[in-house]
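J.: To start, I am sharing the structure in question, which I have written as structure tokens.
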Amino acid sequence: MSNRVAYPFDKNRKVEESYKFTLPDLYRNIALEELREDDVVREHALTQMREWIVSNPHIRKCRVDASFLLRFLRFRKFSVPLACEALEQYLTVREMYPSWYNSLDYKSSEMRRIQENMGISVLGQDSAGQTVVLIELLRMEKGRFTALEVGRFGFMVLEALLEMEEVQIGGILLLLDYTGISMDIYEGWGATELKIGFEGLVRISPIRYQAIHAANVPKVVASFVEYLLTFAPPKFNEKIHCHPTVDKLKELMEPAMKPQAYGGSIDSNEFNKKFWERFERQYEGFALRLDRFEIDLDHYSALWSKENPDMAEAKTFKNLNID
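Be aware that the sequence shown starts at 0, since it is given in numbering that gives the first Met the number 0, and climbs by one per residue.
In structure tokens, the structure reads:
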């Protein structure tokens with residue numbers, strides 16, 4: 000029998016769970032040294048954040064389980080005010096752009112097709128506790144996906160990863176292989192799509208990106224990538240490293256996780272299939288349930304537009320129908 004997890008969205012419902020740290024000592028040490036997290040700090044911060052959500056009239060429905068709130072607390076190193084702000088930004092963007100964030104059903108034909116052809120592989124955790132994610136952009140280009148499809152699948156992958164405490168604590172090591180791609184990969188990506196997609200993937204999702212390594216970035220694409228990075232925070236750009244060949248990517252992949260295409264023994268397609276099957280058994284419909292969030296959108300969208308003038312124009316982006 001599968002161990003499925005379901006979380007309530009009634010913020011006023013009394014939380015009866017008793018959180019217990021169950022990860023290996025590696026993650027306990029990372030949490031303490033990098034995030035200032037210990038049992039006392041964690042419990043106190045969770046209590047404060049729950050009380051803030053319950054007392055906030057502009058947040059109507061929200062998960063208040065430890066796993067969800069710890070995403071934001073760990074992302075902001077247990078500064079409760081900053082974690083609450085990150086949660087507000089996350090909820091606001093989700094409701095402002097529903098065609099990008101809602102109805103993320105992994106079992107749908109749309110998501111199945113993208114998963115099989117996108118070229119995104121979650122390789123697992125390395126010896127430093129980082130979750131290694133490989134993106135082969137040539138496969139993405141050949142798939143001829145729209146900007147909306149790429150964004151939706153990317154958001155679903157991040158939601159899946161954020162359910163894992165290993166990711167919340169150890170962060171992500173992102174490997175980008177640009178070998179063989181052309182500008183065709185960015186066809187259909189206008190300024191509006193870039194703002195919505197890139198802001199969501201880089202700034203709004205509470206992901207701790209440890210480092211981003213890109214290999215074989217063609218000159219014709221480099222200028223576009225530089226433009227793309229103008230939407231990213233300066234600290235994010237500092238984590239980016241570019242390499243002329245894939246040798247560095249191969250070096251960063253430990254033997255147990257190295258795909259066949261990079262000199263290892265892992266069948267990426269089969270590996271990805273099993274990853275999602277295992278995840279779905281425990282968190283069936285995890286992304287679909289996030290559609291149940293509810294906030295005072297008039298209140299938050301006004302604040303968002305004022306604080307993010309570059310994104311305000313993207314609010315007018317029409318919602319596309321998903322076949």
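For each residue, glycine too, the CB sits at the ideal point set by N, CA and C.
Can you check whether the CB of GLU158 is closer than 9 Å to the CB of SER66?
T.: Result no, Cβ atoms of SER66 and GLU158 do not sit closer than 9 Å.
J.: If you draw a straight line from the alpha carbon of GLY118 to that of LEU90, how long is it in whole angstroms?
T.: Their Cα atoms are separated by approximately 28 Å.
J.: What residues are listed by DSSP as bridge partners for GLU135?
T.: DSSP output for GLU135 lists ASP176 as bridge partner(s).
J.: Rounded to a whole number of angstroms, what is the C-alpha to C-alpha distance between GLU42 and PRO205?
T.: Each residue's Cα considered, the two are about 20 Å apart.
J.: Can you tell me which of the three DSSP states GLU16 falls into?
T.: Of the three classes helix, strand and coil, the one that applies to GLU16 here is coil, per DSSP.
J.: Between ARG111, GLY128 and ILE52, which lies nearest to ASN28 when the distance is taken from Cα to Cα?
T.: Ranking the options by Cα distance to ASN28, first place goes to GLY128.
J.: Looking only at its chain, what residues have a beta carbon closer than 8 Å to the beta carbon of GLU192, apart from the 5 residues adjacent to it on each side?
T.: ALA146, LEU147, GLY150 and PHE316.
J.: Less than 9 Å between the beta carbons of PHE168 and ARG73, yes or no?
T.: The sequence shown places Ile at residue 168, not Phe. Yes; because the gap between Cβ atoms is below 9 Å, this pair is in contact.
J.: What residue does the alpha helix (DSSP H) around SER78 start on, and which one ends it?
T.: No alpha helix (DSSP H) contains SER78, which DSSP labels as neither H nor E.
J.: Assuming LEU174 and VAL131 are in contact, meaning their beta carbons sit under 8 Å apart, how far apart are those beta carbons, in whole angstroms?
T.: Between VAL131 and LEU174 the Cβ distance is about 7 Å, and since that is below 8 Å, they are a contact.
J.: Does the distance from the C-beta atom of PHE154 to that of LEU103 stay below 9 Å?
T.: The answer is yes: Cβ separation under 9 Å.
J.: Are the beta-carbon atoms belonging to LEU122 and ILE265 less than 9 Å from one another?
T.: For LEU122 and ILE265, yes; Cβs fall inside 9 Å.
J.: Can you tell me whether DSSP reads LYS249 as helix, strand or coil?
T.: Of the three classes helix, strand and coil, the one that applies to LYS249 here is helix, per DSSP.
J.: From LEU45, ILE239 and PRO56, pick the residue whose C-alpha is nearest to that of LEU69; which is it?
T.: Looking at the Cα atoms, LEU45 is the closest of the given residues.
J.: Out of ASN215, GLU198 and VAL216, state which residue places its alpha-carbon closest to the alpha-carbon of PRO233.
T.: Among ASN215, GLU198 and VAL216, the Cα nearest to that of PRO233 belongs to GLU198.
J.: For GLU109, which of helix, strand or coil comes out of DSSP?
T.: Helix.
J.: Exposed or buried, HIS212, counting other C-beta atoms within 10 Å across all chains shown (16 or more means buried)?
T.: With 16 or more Cβ atoms within 10 Å of its Cβ, HIS212 is classed as buried.
J.: Going by DSSP, which residues form a beta bridge with PRO333?
T.: Given that the chain is displayed from residue 0 to residue 322, the structure contains no residue 333 and the question cannot be resolved.
J.: Which residue comes first and which comes last in the alpha helix (DSSP H) that contains GLY150?
T.: Note, GLY150: alpha helix (DSSP H), 146-161.
J.: In three-state DSSP terms, what is ILE171?
T.: Strand.
J.: In the structure shown, what three-state DSSP assignment does GLU140 receive?
T.: Helix at GLU140.
J.: Between which residues of its own chain and TYR299 is the CB-CB distance below 6 Å, once the five residues before and five after are set aside?
T.: Only THR91 meet the Cβ criterion.
J.: Quick one: Cα of ALA301 to Cα of GLU50, how far?
T.: ALA301 and GLU50: Cα-Cα distance of roughly 24 Å.
J.: Please look up how many angstroms separate the CB atoms of ASN101 and ASP290, rounded, as I've assumed it's under 8 Å.
T.: That pair is a contact at about 5 Å.
J.: CA-CA distance, ARG59 and GLU84?
T.: Those two C-alpha atoms are separated by around 16 Å.
J.: For the putative contact between LEU136 and ILE195, defined by C-beta atoms under 8 Å, what is the C-beta separation to the nearest angstrom?
T.: About 20 Å separates the two Cβ atoms, so there is no contact after all.
J.: Residues in the same chain with beta-carbon distance under 7 Å from LYS106, minus the five sequence neighbours each way, listed in chain order, please.
T.: Excluding sequence neighbours, LYS106 sits near nothing in its chain.
J.: Which value, in whole angstroms, describes the spacing of the CA atoms of LEU251 and MET48?
T.: Going by the C-alpha atoms only, they are around 37 Å apart.
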